[in-house]
Structure formats: C-alpha cells, structure tokens
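Enquirer: Below is one structure. I have some questions about it.
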Amino acid sequence: MRLPWLVPPQPFLGLLLRRATVLWIFSRMFIAFYAVVVLGGGLSVLPETACLGLTTSVALTVLLAGLTVLDVHRRHEVILLANLGGSRRGVFLLVALPLLGLEALTCLLPP
38 MRLPWLVPPQ PFLGLLLRRA TVLWIFSRMF IAFYAVVVLG GGLSVLPETA CLGLTTSVAL
98 TVLLAGLTVL DVHRRHEVIL LANLGGSRRG VFLLVALPLL GLEALTCLLP P
C-alpha cells in the first residue's frame, strides 16, 4: 500500500528519483571542479570537498529538491500528480530523503 499523500505511482516515482540523482551528480561534479580548478588546490583538495559539512549538505539538498519540484512544475506534471493524489510537498519530501542519503554516503567515504 502506498501513502497517497507522499508517493506518486511507480512510473513517476522512478522518473523523479532519476532526475534528482542526475542533478545531485552534476552539482557534486561542479563542486569538485570548483575546488580543483578555481581554488587551485590540485587533487589534494578532493578529500576535503567530499564531505561538505552538515549545513552545506542540507542546503544543497533543499536546493536540489526545490529545483526538482520546479522542473515538475515547469513540465506541468504537477497537475497530473495532483490528479493521481500527489502534492508538491510530497514530491519535495520524496526527492529530499534520497538526496540526504547520498550526502550522508559521501561523508562516509574514506579520505
């Protein structure tokens, strides 16, 4: 049984999670690029940029979840998901939880 206020039906669930994961990968690649090229620290800076810290990780997660909700709104999928029993808040929470998990996973990587 699915929670009608949180989880959209199966095809849309996978699409939302894939979009959020791709955004997260590109944002982490941009952060690594910024640390290596712009800050000029070379490859020795990469272990320090793997774990961003609690506030930065939460801020990045909120930003990426917000961008995913904005993309859903831009594609007019909000209306479709509302007809299927999903809400913007549900999409935001659905996307934010795996992104927080990915951020926690990057902090567990050995330096």
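Residue 148, in the numbering used here, is where the sequence shown stops; the numbers in between run on with no holes.
Every residue, glycine too, gets a C-beta built ideally from N, C-alpha and C.
1. Tell whether a beta-carbon distance below 8 Å holds between residue 102 and residue 133.
2. Going by CA-CA distance only, name the one from 146, 128, 77, 67 that's closest to residue 104.
3. Could you tell me which of 139, 145, 143, 96 sits nearest to residue 55, measuring between CA atoms?
4. What's the gap between the Cα of residue 38 and the Cα of residue 89?
5. Taking the alpha helix (DSSP H) that residue 59 belongs to, which residues open and close that run?
6. Identify whether residue 138 lies in helix, strand or coil by the three-state DSSP scheme.
7. List the whole-angstrom C-beta distance separating residue 86 from residue 68, where the pair is believed to meet the contact cut-off of C-beta under 8 Å.
8. I need the straight-line Cα distance from residue 130 to residue 99, nearest angstrom please.
Expert: Taking the definition as stated:
1. yes
2. 128
3. 139
4. For residue 38, the pLDDT reaches just 49, beneath the cut-off of 50, and the residue's location in the model is therefore unreliable, leaving the point undetermined.
5. 47 to 70
6. helix
7. 6 Å
8. 10 Å
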